[in-house]
Each structure stands twice: as C-alpha cells, then as structure tokens.
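Protein chains in written order, with the working numbering: chain A, 814 to 1246; chain B, 53 to 394. For glycine and all other residues, C-beta sits at the position ideal for the given N, C-alpha and C.
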Amino acid sequence: MREARSFTAAELAERGVDNLPDELVSNRHLIYSSPATLAFNSPGAEGFGVKRAGLAIPGSVMLVVAPGCCGRNTSLISDLPGYRDRFFYLTMDETDIVTGRHLRKIPQAVEEVVACLSTSPSVVMICITCVDALLGTDMERVCRKAQERAGVPVRPCYMYALTREGRRPPMVHVRQSLYALLQPLPKRPTSVNLMGFFAPLVDDCELYRYLAALGVRRVREVSRCEDYDEFLQMAEANFNLVLHPEARFAAADLQERLRIPSIELTRLYQIDRIHSQYQALGQVLGTTFDDADDMAAAREALEGFRSRAGRASFAIGECMNGDAFELALALVREGFVVREVFGTLGGENFVFLRRLAQHSPDTRVYSNMEPTMIHYDAASSPVDVAVGKDAAWYHPEAVRLHWNVDVQPYGYAGVRRLYEALADAWDGREVAL
Amino acid sequence: MRGLRKYLTPFAPDQSGAVAVLYELGGIVVICDAGGCTGNICGFDEPRWHTTRSAVFSAGLRDMDAILGRDDRLVDELVDAASKIDARFAAIVGTPVPSVIGTDYRALRRMCERRCDLPTITVDTTGMELYDVGASKAYLALFDRFATEAMPVVPGRVGVLGASPLDVDATDAAKLVAVVPGAVCYGMGQGLEAVAEASSAERNLVVSPSGLAAARLLRDRFGTPYVVDDPLAGDLVQGVDVAGRRVLVVHQQVRGASIRRELLARGAAAVTCATWFMQDAELTEPGDVRLSEEDDFAELVAEGGFDVLVGDPTLWRIVGGFDGTTVDVPQFAISGKLGERA
C-alpha cells in the first residue's frame, strides 16, 4: 500500500537545512494540487494574495492586465465586503504577446476605468502576471504614461508566480510597490507604523498599549487607514515595526528613501520567547515593558485549554496565522503532543525545527506539495486537534481550528486567543477567531 | 474598448476546460505552470476538487526553467511522480508560460513516454482561449490516443460527450444518466476504460460544443453516429411564461439551442441564441450571435427588443436598465458558481 512520505523532526535536524530530502524541497518535484496547497498555488484565492494586497490602499482599484486565466478566480475576492467594483480586466491574447500592443492600450484602459467610476480612485494598481515577466515588460514606464493620461497615481504590482522562490517574490514586491507611494513628510516622534500585514492586529493586542505607554500617539497600519490621505501620513513615522519578513524590503526602501528606521519582530506562540522579544524591543527603545498581566492572561488561557484537553495530540498545518514549526514547538514545550507538521522548511524556520527535534524527535514532517500526499490517510495517524486549514482538511475526524482569518493574532493576545479558540473548538462551540 | 472588462471576471479558460475533461480519468495531470494557473483551475474551476482526490499537479515552473527551457526537469519530475502514483496515463496541459516560450509539446510527449512508460497526451492550451476550446482539445487528444480499437457495438449504449461541470453545471452525471438510458458519460463517473471502449457505443450524444470534434473523430473512425442535444435543457426553463414573447438565450450553444426548441414549442414568438463560447456552424441558425465584449451584449439587449433574457445571472449587471423578465440558468464557466440544476 502506498503512503505519504514524511520524515521525523530528528531525521531532519540531523540532515540540516542544506541537506533536506527532495520531498521537502518544492522545486525538486511536481506540486501536488489539493485544498491543502491552495495557499501555495493560488495565494490570492484565500487570505491576501497579490490582488487583494494590491488593493490595501483605501479607495484604490486594480486593472488586471493578463491572459483571462490569471483573472479567473478574482470573483472570489470581488464577492468579499469592500472589494466589489474594484477589479477591472484588460485581457491579453496571443497577438498582444507577440506584438506587445497590450502595453499601448493600458493608458487608455486606465482612463476608461477612471471615467466609469463615480468617484476618482486614489490609486490604480496595474497587476501583471507571468507573461509580462517573460516579456521583460517595463511596467514602471507604462504606469507613468497611464498616470499622465488618467490624472491619478498608477502603480504596478507583479503577480509573477514564476519568481515565487526568488529574492523578491510577488508578496515582497507588492509591499514595496504600495509603500513606494509614500512621499517625504516631517517626522513625528509620536508616530509609528506597523508593517507586514494587510489586515490589522487584533484590537486587544498589547503592542498598542506598550507603544502608547512609550508616548506613541499614532500607530498606523495600512489596513486601518480610513482614506488615502491617512495612508500618506505613514510617511511621518518615527520608526517602523516590521511584523512579517515579507515587509523587510519595503521597510528597507523606506529607510533609504524617507529615513524611517525599522525594527523587526517575529510572531511567536512561545510565551517565554514573546517576553524575551519585548524585553529586547524595550532595550532598543530605551524602556521596559510591563508585560506581567498580559503574560499571565496568555498562560491562564493555556491552562484553560489544558484543563479540558489534557495532553492532547495535534497536527499543525501551515495554512494559518503563524509558523507551523514555531507553533508546534510552543505546544510541545507546554506538554502537548504534536504528531505531525505540514509545512515548508527554510532558513528562517529551521531553527524551530531543531528545537522541536530536541523536545519531540518523533514528530513527523510532511510537505503539502509532495506528490505522495495524494496517499495521505488520516486513519494511520489520528490526532485530537488539527490547527490550520490544511491540517483540518487532512483530519476531518479531529477537533479543527483553521486559525487563518484576516485579522492577525499577535503577541500575548495572539496566544491567549489561540488557546481560547482551541478551548471553544474542543467544547464544540463556534470559534470567533 | 476591446478586451476591457468592467463588470465580468474572465470566463473559464481553455486550461480549465482541458483539466475538467481529464479530472476523473485516473491519470497524472500536469499543468505546465508556475502554480497560479493550477490554483485557478483546481481552486475555482473544478468543483469536484474539494470532494474528490485526483492526481493533478503543477509543474511548479520557475523563471529559470522558462528562460532556459528546462523541459528535462519537468520530465524528471513526472517520472518521479509516476513512480509514486498508480496512474493509467499522463497528460500535460499548457498555460501561458509554455505558450510564450514555445514549448514543443510533441517532443515533450515523446520524452515522457520514453522515460516513464506511461501513455502520454499533451494539450496545447494557452490560458488565452475559453474553456470549451481546451475541453475540445482534451477530448480529441484522449479519443485519438486511446479509442483506437473497433469493438462490437453494444445495443443501447450511448456515449455522452461534452459533459463537464463547466458545461452542465453539476459535479456528476446522475441527472444525465437518469434521462439517457445506456448513457456512458465520458469524464464524469467513467474512467479511461470507457474512453478505450468508445467504439462500442451505438451512438454518441453531444451535450456541448466541446464534444463535437471528438464525436466527429469517432464517426469518421468507427462510423458511430452522433446527435446534438441537451436532454436536461427543458427542465431549466420550466414554469417560464414565454407565450408570444421575444426571448434571448445566452448559454453554451447546445444548451442554448435546446432551450430554444423548448421555448418555441411553448409558444415563444421568437428565440435568439447568443453565446460567449464556441459557435459551430452546424448548430447555428440565422440571427444567432457570437459575443465577445461586454458591450456586444449590452448592445444586443438594447437593440434586440427582447421581453425575456435567459442566462447566467452574472450577466444581468451589464444590462441593469433591462425592464423585461430575466430567467437564471447558471453556467459555471461564466460565474464559477454551481447552480446544480442540471
């Protein structure tokens, strides 16, 4: 009988990040297509892919310039609140590809889009895809021409799936493209930007309070900007907090162009590591954060779940708000059993895998994308709880928590909400977040 | 402006049509893309994907694969997958990337067959045509390759061509099979064996234009006659009062024509058929319209004097000022939403 291929955490830790088996390296095999891989194959279909991210700026619209196939699933996004009438399409045919004539049509198309809207858009994002990546299109130049003709800012965003594993993959580039709209403003010491996500942190995240205690009066996130003018005010920030590594390049651009320095933080579910990170941040900012109550609240929620589930066993997926290996590590350090992780290993998270191997060497690691995943059978490895949309898909028999909504759990509040959600799921109650 | 869409998302592309035909046949289907096309095809255009596992893969192309034309890597990965999965055949489905770099599908097929001992077909879809073009190519490739042996005709056996979720707005062939005795619905509930035994059909029933080319191939190869009809069309417009009224039907051509026959029989004054998709000369009547742009549809409705519009409800946004009756007959290839009425 055929089985899905997996490796123990101990095996992988011993091999090292530079010697991963082919099964766990996505460019060494075909990519299996299942609902568990949708986030990889079509990031725009769920959460924030390039298309939705490109519309993060209030009042913006998008013109997708591509073969029809690239825009096909956009109606999934158009059906979401706030996205209706924000997508337009200029479909390409083979003659366009041969002659490049679609590029000459873009300024007129932008003008027609702007004309058909009741209010002028703040920005028109031009989304181009793999075809233009291969043609080597200079979309910056095309956008300048369109901007001159339509009289509104026009910016490119590159949905180049071909460059997904390059140095600047699409989700990195789209952040750079958005923040490139910011123009120099006088600095305000009381303003800070949170960069990285396209949806806000949970309202009760302690980070807002910690920054307020530091004297920060304006914490801006692109998703909380009411309008384009407020978005432009992000240029006055004293510093940027980078909460997702894909915003690193955008933050570096702002440092160079607008002289806004940045500090990078990591999303963690290990309570002691969150404490350490806040201590380190405090040191950089010349203060100390009083996090005792927040830490206690997170631990209380954890104990609340433990009192129900005991030493529950978990499967952790990567389609959720967090790093699968870090969350697995957090759980095993708290005494839970993690039987499986469905994830993608790389330089950034291998450190979590190493520590996971110390605490739980037999945890099995799968790649959602590997061809043998077609044989995956949950019956051979039952678990009590599955976290992540992918793990939940594999384990219909388990208590399931997708943990992948737009609003971002972060810090102690993220941990507290995770365990509260797990307790609710365990009790069979509807999970709010 | 030609090519500019303000109301409608693009319709299902050719690559989705090809995969829809191949999905249930038990092969390894490799979509020759970087990942995004596979996400669109499976995550949006293939409703069976959420409930039925199928060996569909993305080639996971990267920029250097495309620039350097590294077909050998694709073949290596297909060989690797074939060693891990029990499959009857392999199919490679094209997308814009191989279209731009001019992939030689014939060479690719030969390389694959030499290396992995699986019969292989290729479908040179580009992502720039519509789903029915891709489905037609896939049917043709399948039957040309696998329906080669003349078998004794089985009385009452009816081969159904052109049925996929994109055409018949359902995830299985239950309703079709219920109304067509002896139906063998290729690609829906039937595997590769049924394709190989296609010559045993007494006749073929073509329920969408995507099945026509294969039906003609089977007629020429085995003498199997075919009829073109959608036996479910009548149910879709039940209860609609059309007596003395002028009707415009917008759908794939076979369903549209079948609805027309039904409505005329019920006393409609006139029925015009329009389609965004393939329009076969054999099925076209004077006055039928092939639509391409949103403006084409808006003008047709504005100038046609119709009392009733029949089609996918997504289209009604374009003609917001129409004050007649609209009748919803969903088409998955347009809206991506299953009506599940067929």
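The C-beta distance from B:G291 to B:V301 rounds to 16 Å, too long to fall under 8 Å, and the pair is not in contact. Leaving aside the five residues that flank A:D1066 on each side, the residues in its chain whose CB is nearer than 8 Å to its CB run, in chain order, Q989, Y992 and A993. When C-beta atoms of the region 817-832 of chain A are compared with those of the region 1102-1115 of chain A, fewer than three pairs fall below 8 Å, so the two segments do not count as touching. Assignment of beta-bridge partners to A:P969 by DSSP yields A:I939. Annotation for A:S839: M1182 place their beta carbon closer than 6 Å to its own, counting only its chain and skipping 5 residues before and after. A Cβ-Cβ contact shorter than 8 Å links B:V280 with B:V306. Membership of B:A235 in the beta strand (DSSP E) is indicated by the continuous run A235 to C237.
B:G88 and B:K58 have their C-alpha atoms roughly 23 Å apart. Fully contained in the region 1015-1090 of chain A are the following alpha helix (DSSP H) runs of length 4 or more, in chain order: 1019-1026, 1041-1045 and 1061-1071. Per the coordinates, the alpha-carbon of B:D332 lies some 45 Å from the alpha-carbon of A:G979. In the three-state reduction of the DSSP assignment, A:F1138 falls in the helix class. Taking the C-beta atoms as reference points, A:L1115 is found no nearer than 8 Å to A:L1078. With contacts defined as CB atoms closer than 8 Å, A:G1009 and A:E1059 qualify as a contacting pair.
Look at B:C325 here: in three-state DSSP terms it is strand. For A:T887, the uninterrupted alpha helix (DSSP H) segment begins and ends at T887 to S891. Under the 8 Å Cβ criterion, the region 69-81 of chain B counts as touching the region 105-123 of chain B, having at least three qualifying pairs. DSSP links B:I311 through a beta bridge to no other residue. Legend: CB atoms of the region 829-845 of chain A lying less than 7 Å from CB atoms of chain B belong to residues S839, N840, H842, L843, I844 and Y845.
Residue burial annotation: B:G296 is exposed, with fewer than 16 other C-beta atoms found within 10 angstroms of its C-beta. Nearest Cα to B:Y75 within the set B:L264, B:G243, B:E346 and B:L361: B:G243.
Contact annotation for A:M814 against chain B: no contact, minimum CB-CB distance about 11 Å [criterion: below 9 Å]. Chain A places no beta carbon closer than 8 Å to that of B:N256, leaving this residue out of the contacts. By the beta-carbon neighbour count (other beta carbons within 10 angstroms, threshold 16), A:N1006 is buried.
Listed in chain order, the alpha helix (DSSP H) elements of length 4 or more contained wholly in the region 819-856 of chain A are 822-828 and 851-854.
In this chain, the alpha helix (DSSP H) harbouring A:I910 covers E907 to T912. The C-beta distance from A:T1176 to A:V1154 rounds to 6 Å, short enough to meet the 8 Å contact threshold. Counting only Cβ-Cβ distances below 9 Å, A:N1134 has no contacts in chain B at all, with the closest Cβ about 20 Å away.
Taking CB atoms only, B:R105 has a neighbour in chain A less than 8 Å away. If you look at A:R957, you'll find it in the alpha helix (DSSP H) that goes M952 to A963.
Of the candidates B:A354, B:D124 and B:D221, the residue whose Cα lies closest to the Cα of B:H303 is B:D221. Pairing A:P1002 with A:R818, the inter-Cα distance amounts to about 53 Å.
Taking 8 Å as the CB threshold, A:A946 lines the interface with chain B. Taking 7 Å as the cut-off between beta carbons, the residues of the region 70-100 of chain B near chain A are V82, A86, G87, G88, C89, T90, G91, N92, C94, G95, F96 and D97, in sequence order.
Interface residue (Cβ-Cβ distance to chain A less than 8 Å): B:I137 is classified as such. DSSP places B:N92 in the uninterrupted alpha helix (DSSP H) bounded by G88 to N92.
When secondary structure is reduced to three states using DSSP, A:V1244 falls in the coil class, being assigned neither helix nor strand.
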